[in-house]
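K.L.:
Below is one structure. I have some questions about it.
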Amino acid sequence: IYYCLFNVYLMTFLHYIGLFALMCFCFLLSMCFVMVCRWEEERYTDGVKWKFLEHKGPVFAPAYEPLPSNIKFYYDGKPMKLSLGAEEVGTFFAKMLDHEYTTKDIFRKNFFKDWRKEMTAEEKAKITDLNKCDFGDMHEYFKAQSEARKALSKEEKQKNKEENERILQEYGFCVMDNHKERIANFRIEPPGLFRGRGDHPKMGMLKRRIRPEDIIINCSKDSQHPKPPPGTKWKEVRHDNKVTWLVSWTENIQGAIKYIMLNPSSRIKGEKDWQKYETARRLKKCVDRLRAQYRDDWKSKEMRIRQRAVALYFIDKLALRAGNEKEEGETADTVGCCSLRVEHITLHPEKDGKEYVVEFDFLGKDSIRYYNKVPVEKRVFKNLQLFMENKQPEDDLFDRLNTTILNKHLQELMDGLTAKVFRTYNASITLQQQLKELTSHNVPAKILSYNRANRAVAILCNHQRAPPKTFEKSMQNLQSKIDAKKEQLSDAKRELKSAKADAKVRRDEKSKKAVECKKKAVQRVEEQLMKLEVQATDREENKQIALGTSKLNYLDPRISVAWCKKWGIPVEKIYNKTQREKFAWAIDMADEDFEF
DNA sequence: CTAGGAACTTAGTAGTTCTAGG
DNA sequence: CCTAGAACTACTAAGTTCCTAG
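Following this line, the structure appears as structure tokens:
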């Protein structure tokens, strides 16, 4: 637009002085500019992510509110007034008292150590044993507070909602290259006690409060820079358009950098997502060649190549993650493919009537257990025996391999190929295949089978969840509904029978009609019963499986969109509002015969 | 080749909001 | 209208990948 305007001005000017030929030349020249610009707006070259970026900075966690004076902390049975800093950290613990975290030794030890750092000298001298600390009063106070919050009047709740909306409108958006975009996490993480997943050596440590002085702002030079809160300063304001983040800070538990970035609905995230699936589709074109290659490599003279080939086979067949090395003692002990240890697999020359079975049992990302018994090719089995020879259980299974080596190899096989592409590829292709096999005819049944297909992918990727707390109860409720429906059905059937008998005797129109009516009633109840039973199996099968992760991160949305278009199913049945925003690009571009 | 940093994607859970059905 | 439970959102931890320096 800018260049078009420029062009018009220029042409007017030139026309004025009558240099027609030059004008034509300039017109062509500026057309070129316009085209270059448009092209550049679509895809920047050499790592440039944006040309203009303006935002309001982060929203900080609310300041600490001291406890009212009647709420007391007791040490060794006696009330004790804590200094502000010590009190705040104490409340973090008090709030978690219901959680079983607080009973764990490591958690308590880490917490106490960090808590003492916040104490005054006197407090430090006095408070020497966590077991003598009584947070009961404080705990009750916070429980009452959250109850009170729930019990607020409608008007007050509405007021809170409006205030939140105001903050969202002010801080939740930025301008990136002529577009107003939603920011994903514009609130700074509040202080609290660190809760890792699984057996985390740092659980209970104090996650400290982030101040403006910790914050790096990233925006364009020519934008309105965000202002730090009065009386404070940012750590730094930089203008790096080779990255996508707006705000960053360093977190104190692992020393990792945290970022504020854009929402998945943004151009910058959407394009990246699209690219990811395009890479996976390129893998589809050459996967046969790659598979032939790694099967061949199982026979290699070189151990490192055999290990690489077996690992790749696992990644491809079982959708395992790459498995980077991790620093011991810094995080929970979890592994992926390349970091598997001897203790994580058991070899069974024969098991459950199958030959060459490998039993996997390890903790993966988020300490989610991966357990699987897989029959493998004889060559793979023999290779594994070889890799395990003369090793201790805690030794690396693939001692000549790591993710860097593996990814370097993959890069040579296909441009942009890395280990994680296999997960994306196998997830998406599985969905597509499963959807093709579907036969059901009505819409609800189709959606149910869509969920089945989604579930197949979730199982492949080992996306698990804790069974919902209310699962047993809600299952029981459903079961009693089913029982009631069955009862109703037999009643309806009985009534139908007697109506039939009646009709046989009477042989008049009225009784015939009654039979028809009862027949319909039976049918209706049967349908309802079926629906409930389907719901029950669906729920049961979903007990420990999380569908969301694969839907959001692994399944090319164009497959689902195409399927919806093909069968006349509204996209809303598959994707909720947020998901539709994230996948807007796919909903826009996929037609019914899209092929992954 | 190693180590560490940086940037970005993927992940499950807790809390909140919505909705169906009693 | 009320409530149980489903659905959705926010949060933030935990991965992968790429890059650089020694």
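Read in order, the letters of the first sequence correspond to residues 1 to 596 in UniProt numbering. Glycine included, each C-beta is placed from N, C-alpha and C at the ideal position.
1) Taking C-beta to C-beta, are Glu65 and Cys174 nearer than 8 Å?
2) Could you tell me the alpha carbon to alpha carbon distance between Thr404 and Ala309, rounded to whole angstroms?
3) List the DSSP bridge partners of Phe594.
4) Quick check on the burial criterion: 16 or more other C-beta atoms within 10 angstroms. Buried or exposed for Val522?
5) Below 8 Å, how does it come out for the region 81-94 and the region 120-137: are there three or more Cβ pairs, yes or no?
6) Would the beta-carbon of Pro190 fall within 8 Å of that of Pro212?
7) Among the residues of its own chain, which have a CB less than 6 Å from the CB of Lys72, if the five just before and after it don't count?
8) Have a look at Val36 and Tyr44 and give me their C-alpha separation to the nearest angstrom.
9) Measuring straight from C-alpha to C-alpha, what distance separates Leu547 and Leu67?
10) How is the alpha helix (DSSP H) around Ile429 delimited, first residue to last?
11) Which value, in whole angstroms, describes the spacing of the CA atoms of Glu350 and Leu397?
12) With H, G and I counted as helix, E and B as strand and the rest as coil, what does DSSP make of Leu22?
13) Would you report the Cα separation of Ser428 and Asp177, rounded to the nearest angstrom?
14) By the DSSP assignment, the alpha helix (DSSP H) with Thr279 in it spans what residues?
15) Go ahead and pull the three-state DSSP assignment for Gly136.
16) What is the DSSP secondary structure of Leu401, reduced to helix, strand or coil?
17) Of all the alpha helix (DSSP H) runs that stay within the bounds of the region 354-388, which reach a length of 4 or more residues?
18) My output table needs one value for Arg128: the three-state DSSP class, helix, strand or coil.
19) Helix, strand or coil for residue 610, going by three-state DSSP, please let me know.
20) State the DSSP-derived secondary structure class of Arg507, mapped to helix, strand or coil.
21) To which residues of the same chain is Asp591 closer than 6 Å at the C-beta, ignoring the five residues directly before and after it?
22) Could you check how far apart the C-beta atoms of Phe596 and Gln432 are, in whole angstroms? I think they sit under 8 Å.
23) Would Val59 pass as a contact of Ile167 if the rule is Cβ separation under 8 Å?
24) Note down the Cα distance separating Asn576 from Lys551, rounded to an integer number of angstroms.
25) Is Ala484 near the ligand PLP, in the sense that its beta carbon is under 7 Å from a heavy atom of that ligand?
26) Just to check my reading of the structure: Ala499 and Val525 have Cβ atoms closer than 8 Å, yes? What is that Cβ distance to the nearest angstrom?
27) Go to Val443, then tell me how far its alpha helix (DSSP H) extends in each direction, as first and last residue.
28) Apart from the five residues just before and just after Tyr9, which ones in its own chain have a Cβ nearer than 8 Å to its Cβ?
29) Tell me, to the nearest whole angstrom, how far the beta carbon of Cys337 is from that of Asn402; I am working on the premise that it is less than 8 Å.
30) So what does DSSP say about Glu181, is it helix, strand or coil?
31) Give me the DSSP bridge partner(s) of Phe583.
32) In the structure shown, what three-state DSSP assignment does Trp567 receive?
P.N.:
The answer reads as follows:
1) no
2) 14 Å
3) None, per the DSSP bridge assignment.
4) buried
5) yes
6) no
7) Pro79, Asp137
8) Its pLDDT being 39, under 50, Val36 is placed unreliably by the model, and the measurement read from it follows with that caveat. Answer to the nearest angstrom: the Cα atoms are 11 Å apart.
9) 42 Å
10) 419-437
11) 21 Å
12) Its pLDDT being 38, under 50, Leu22 is placed unreliably by the model, and nothing is read from it.
13) 32 Å
14) 267-297
15) helix
16) coil
17) 378-388
18) The residue you asked about is not Arg; residue 128 is Thr in the sequence shown. Of the three classes helix, strand and coil, the one that applies to Thr128 here is coil, per DSSP.
19) Beyond the ends of the chain as shown, which are 1 and 596, falls residue 610; an answer cannot be given.
20) coil
21) none
22) 5 Å
23) yes
24) 11 Å
25) For the structure depicted, the ligand PLP is absent and the ligand set is empty, with no information on it obtainable.
26) Not really, about 15 Å apart at Cβ, beyond 8 Å.
27) 443-460
28) In this prediction, Tyr9 scores a pLDDT of 34, lower than 50, which makes its location untrustworthy; no coordinate-derived value is stated.
29) At roughly 10 Å, the Cβ-Cβ gap does not stay under 8 Å, so Cys337 and Asn402 are not in contact.
30) strand
31) Paired residue(s): none; Phe583 is not in a bridge.
32) helix
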